[in-house]
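Taking the numbering used here, the leading residue of the sequence shown gets 2, the next gets one more, and so forth. Each residue gets a CB set at the ideal place from its N, CA and C atoms; glycine is no exception.
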Amino acid sequence: MTESQELLKQINWFLKPVSDFILYLFTTSTGYLILISFLILYLIFTVGNSLKKRKLAHEAISRSLRPSLFEKIYIIFSEIIKTFLGIISKLPVLLGVFLILFGIIGLSNAFTTIDNYVNNQKRIKELKTVVKNLDKSYIVAKLNVEDVDYVNNITKLNIYYYDYELDDYLSEPQHVEIKGHDIYFLNLVMNFDYSEIESGKKINMVMPYMIFSEEVPKDKGIKLQTTDSIGVPYIFHRDDDEIYGISKDGYYARLKEFAEFMTDPEKARKEGIKSFYAAAPHFINKLRKGQNIIVWVEQTGGLVLKKERVF
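Next up, the structure:
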């Protein structure tokens, strides 16, 4: 299939520009203007040539003899009529030309459709493979409670995000200072139940998105820095030997696409993915200074918060 697809691409490399140009001429106002301009120029050239011939014929009889105004008008209209009659007489040929032109358009569109279908099937297969690679629970971050000020009702946190490619927490934490002491997480959840990407298991892609409290509403919460510079969550990073059934470049390219789904519900919906936000339970026990809390996500859609220990 790859060789056939490559052959179609090579043929379409020539056909596509021709097809686009034909469509441009026959389906856009600018294209119509170009065609009409060529027709007018052709008529001007034809009429001008006929007038010149008639003038030379008169001069052959007498140098002072010139075509009359009536004769010029007659020549102009007769040439215009002759041109249109010539077009009508050549209609079968013109029809054949149009059939060839639009045949080129149809062939190019067919090649493009086949190419897009094959590429889309390959893409869906890669997305399914990525989902299978993510089919387990993951540590998202470690929350270090720097301070809990119950007098001023302020909580300070250091959030260390886990990078699975490093197999360790990132060295630089995100510093969060938030009013209140009941901490909540707003999760971004993608459900694959109705998607072509769904792999036969109950898998959701979950990502803590924002932190808020009883004093700070979720629409004014603090955004968590859970993703890298291209929008891929750190918890989905992998070493080369941990990526199965897909190349590393392909894996990260598809993860970037998933990241776009997370921030673009409309795009996700077109792929059959239900994308929505859901508030998760907060850490029930009373927060204390120096406390470490591990944030886990379950790929069935849950968020788990535990004191630092073996899970």
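For L24, collect the residues of the same chain with a Cβ closer than 7 Å to its Cβ; drop the 5 residues on either side in sequence, then sort them by chain order.
I106
Cut-off 8 Å between Cβ atoms - residues of its own chain near N110, not counting five sequence neighbours on either side:
S20
Could you work out which residue in V119, V149, A142 and I184 is closest to D169 when comparing CA atoms only?
A142
Outcome for I247 when other beta-carbon atoms lying within 10 angstroms are tallied against a minimum of 16:
buried
Could you give the distance in angstroms between the alpha-carbon of T47 and the alpha-carbon of F39?
12 Å
Just confirm the distance between the C-beta atoms of Y185 and S214, as a whole number of angstroms; I'd bet it's less than 8 Å.
6 Å
Thinking C-beta only, is K268 closer than 8 Å to V233?
no
Counting C-beta neighbours from all protein chains within 10 Å, is the total for L225 16 or more, i.e. buried, or is it exposed?
buried
As assigned by DSSP and simplified to three states, the class of K290
coil
Take T113 as the anchor and find which of G181, P18 and T227 has the nearest alpha-carbon.
P18
Taking all protein chains shown into account, decide if D229 is buried (16 or more other Cβ within 10 angstroms of its Cβ) or exposed.
buried
Taking Cβ positions, are L223 and I295 nearer each other than 8 Å?
Sequence check: residue 223 is Ile here, not Leu. Result no, Cβ atoms of I223 and I295 do not sit closer than 8 Å.
Less than 8 Å between the CB atoms is what I'm expecting for P235 and Y162, so what's the real figure, rounded?
Looking at the sequence shown, residue 235 is not Pro but Tyr. At roughly 5 Å, the Cβ-Cβ gap stays under 8 Å, so Y235 and Y162 are in contact.
Hey, out of Q11, T29, S51 and I81, whose CA is closest to I41's CA?
I81
How close, in whole Å, do the beta carbons of K157 and L187 come, if the pair is a contact with beta carbons under 8 Å?
That belief does not hold up - the Cβ atoms of K157 and L187 are roughly 20 Å apart, past 8 Å.
Under the three-state DSSP convention, the category N154 falls into:
coil
Under the three-state DSSP convention, the category P209 falls into
strand
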